[in-house]
Amino acid sequence: MESLPTDKMPPVTPYTINPEFFNPDLASAFYRRIIEMIHMFEAELDETEEIGIRLVSFGHSIQFHIEDVSYYNPSLITFIGKLGDGAKVKLVQHVSQISFLLMALPKRTENAAPRRIGFTLKESLEE
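Everything in the sequence shown is counted per the working numbering, starting at 1 for the first residue and increasing by one.
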């Protein structure tokens, strides 16, 4: 009977692959693209404007000031903000249903600096 080789295999270094590399349709990949769009759009706003979003679905339209954007892999994106009357809103959408209009809205507080979220969100991508 022949014996098995006794040579030891060298240790293998674990290698982790970013899942977005394999699946650009993950919510995290959509999130990155949305943040880039927000950042570019905000660069065009003047000191009297803040970024807003308008959504149209089922025949209804809603617009609100965006305060944050987040995601839940594999497929959910959330938009958090406030309506014109100050009511808090949180929209959760599947990545396959995302359709929105970025828009310039008058800033909510007249004497304050306009709120800019794109720069902060973009910085968080780079960490």
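Every residue gets a Cβ at the ideal spot worked out from N, C-alpha and C, and that includes glycine.
Give me whichever residues DSSP pairs with residue i in a beta bridge.
i, result
"A104", "I51"
"F30", "Note: F30 sits in no beta bridge, so no partner."
"T78", "S70 and V92"
"Q63", "R54"
Cα separation between residue i and residue j?
i, j, result
"I35", "K8", "49 angstroms"
"I80", "V12", "44 angstroms"
"Q97", "P10", "48 angstroms"
"V56", "Q63", "9 angstroms"
"K88", "N23", "33 angstroms"
"D85", "H94", "27 angstroms"
"E47", "P114", "6 angstroms"
Have a look at the options and flag the residue whose alpha-carbon is nearest the alpha-carbon of residue i.
i, options, result
"L102", "D25, M40 and A113", "M40"
Measuring CB atoms only, is the segment 87–105 touching the segment 32–47, in the sense that at least three cross pairs come out at less than 8 angstroms? Contact annotation: the segment 87–105 touches the segment 32–47, with at least three C-beta pairs closer than 8 angstroms.
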